[in-house]
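Participant:
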Amino acid sequence: MLASAFCATTHAANWTEGFKKGDPKIQSITQLAFGPEGILFAADSKAAAIVAIDTGDKKAGSASTIKVENVQQKLASLLGTSADQIIINDVAVNPVSRNPYIAVSRGRGPGAMPAIVRVNAKSEMDLIPLDQVNFSRAELPAPPIDREPEPGSRRGNPRLESITDIAFDRDRVLVAGLSNEEFASSFRAIPFPFNSSVEPTSVEIFHGAHGKFETGAPIRTFVPMKVGDETQLLAAYTCTPLVQIPLNSIQPKAKVKGKTVAELGNRNRPLDMIVYNKDGQDYLLMANSSRGVMKIATAKLQDAEAITEPVREERKGVEYETVKGWTGIEQLDKLDNSNALVLRKTDAGHTLEAIQLP
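For the sequence shown, my numbering gives the first residue as 76, with consecutive numbering after it.
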């Protein structure tokens, strides 16, 4: 899950224009992101759709002392199941109330049921009813085929990668994932409030560790951010190329080529990104499956050279430091100007907690 990287604009006098009350028929919730006025965007990868939910959670608050241990056990108790039937898919912080929201699957496999749980400043959990919400919905054209894998197959259902990450920027919902186009790796910038669908933009990158151009690997996590005077998408892929893509190049049915600015190591899956400011400098934090949490000074990105040749060493390009003590981080979001919210896996289970930004 991404930081809520939106700016207030006067574009929409009424952000909930076109919303209706009822059941949005959500089949899955794989990613979360917040927009203005407590509006929560839930990615339904199974249905290849984005659902905007008016949470009504608009009271300014502070939650810098949040700490919830044994998260899966507590979620299981709330949802009436066992801890081994709980999958935490994403965590996002409402930038108005500072309340964290958790995207949960109750059960495993095709029959899993989606849920959203809110955590308040006292670290108490409550379930958000999804059958009567004020919502709007955007369908994604050209999604991957919805097909369950054959028994014993190592490949999953392609449809579940129709959306791999989302964010809100100014007046658009940004969506990374796969499509059924020839260049499957795709990105979309959907105007909000929703009033129409948007065809995908195909994305091509040079993967230095593989020594070739690639069009089928999805972006795993991204963040929109200013690099110089231009807003760029900073996107990370499995094994782990870091790529810049100009946001203004994201147009329906266009084909764009990203600029690879770093190779950060193979046998690794990027999990989450945030951007924050400390002591007058902007930094990127990226959580990874096997390489800890990386901290990058974003000023280094403006003059970064493109990687266009095969990379034989372990890493190349923009330098980073590994944040000491930030181990087992699986989800990451900005809580406030001084703190991050993390979901950390330990030997005793998962903990959701606020920790000071490095």
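Every residue, glycine too, gets a C-beta built ideally from N, C-alpha and C.
1. Three Cβ pairs or more, each shorter than 8 Å: is that satisfied between the segment 139-153 and the segment 266-281?
2. Consult DSSP for ASN414 and reduce its assignment to one of helix, strand or coil.
3. What are the uninterrupted segments assigned as beta strand (DSSP E) that are 3 or more residues long and contained completely in the segment 299-349, given in chain order?
4. For LEU360 and ARG366, what's the separation of their Cα atoms in angstroms?
5. Please list the terminal residues of the continuous beta strand (DSSP E) segment that includes LEU359.
6. Using a Cβ-Cβ cut-off of 6 Å (strictly less than) and excluding sequence neighbours within five positions of CYS82, which residues of its own chain qualify?
7. With LEU153 as the anchor, note down where its alpha helix (DSSP H) starts and where it stops.
8. If you draw a straight line from the alpha carbon of ILE163 to that of VAL179, how long is it in whole angstroms?
9. Rounded to the nearest angstrom, what separates MET200 and PRO175 at their Cα positions?
10. Taking the alpha carbon of GLN356 as the point to measure from, which residue in ALA337, ARG183, SER228, LEU376 has its own alpha carbon closest?
11. For GLY424 and ASN323, what's the separation of their Cα atoms in angstroms?
12. Tell me the rounded alpha-carbon separation between ALA78 and TYR351.
13. Note down, one range per segment and in chain order, each beta strand (DSSP E) of at least 3 residues found wholly within the segment 167-213.
14. Could you check what DSSP says for THR85 in three-state terms: helix, strand or coil?
15. Specify, as a first and last residue, the run of the beta strand (DSSP E) that GLN406 falls within.
16. For THR336 versus GLY392, is the C-beta spacing smaller than 7 Å?
17. Under the assumption that PRO216 contacts GLU274 (Cβ atoms under 8 Å), give the Cβ distance between them as a whole number of angstroms.
18. Consult DSSP for ASP132 and reduce its assignment to one of helix, strand or coil.
19. Taking the beta strand (DSSP E) that GLN106 falls in, what are its first and last residues?
20. Considering only residues of the same chain and omitting the five flanking positions on each side of THR397, which have a CB-CB separation below 8 Å?
21. I'd like to know whether the C-beta atoms of LEU107 and THR130 end up nearer to each other than 7 Å.
Facilitator: Answer, in terms of the structure:
1. no
2. strand
3. 305-311, 316-321, 330-332, 334-338
4. 12 Å
5. 356-363
6. Low local confidence applies: a pLDDT of 47 at CYS82 is under 50, so the model's placement there is unreliable, with the coordinate-based value given in what follows. Correct list, in chain order: ARG245.
7. For LEU153, the uninterrupted alpha helix (DSSP H) run begins and ends at 146-154, by DSSP.
8. 5 Å
9. 10 Å
10. LEU376
11. 42 Å
12. No answer about ALA78 holds up, because its pLDDT of 46 lies below 50 and its placement is not dependable.
13. 175-181, 188-194, 200-203
14. With a pLDDT of 46 at THR85, under the threshold of 50, the predicted position of this residue should be treated as unreliable, though the coordinate-derived value follows. The answer is coil: DSSP assigns THR85 none of H, G, I, E or B.
15. 404-409
16. Reading off the sequence shown, one finds Val at residue 336, where the question assumed Thr. Yes, the Cβ-Cβ distance between VAL336 and GLY392 is below 7 Å.
17. 6 Å
18. Residue state, collapsed to three classes: coil.
19. 106-109
20. ARG366, GLY367, VAL368, MET369, LYS370
21. no
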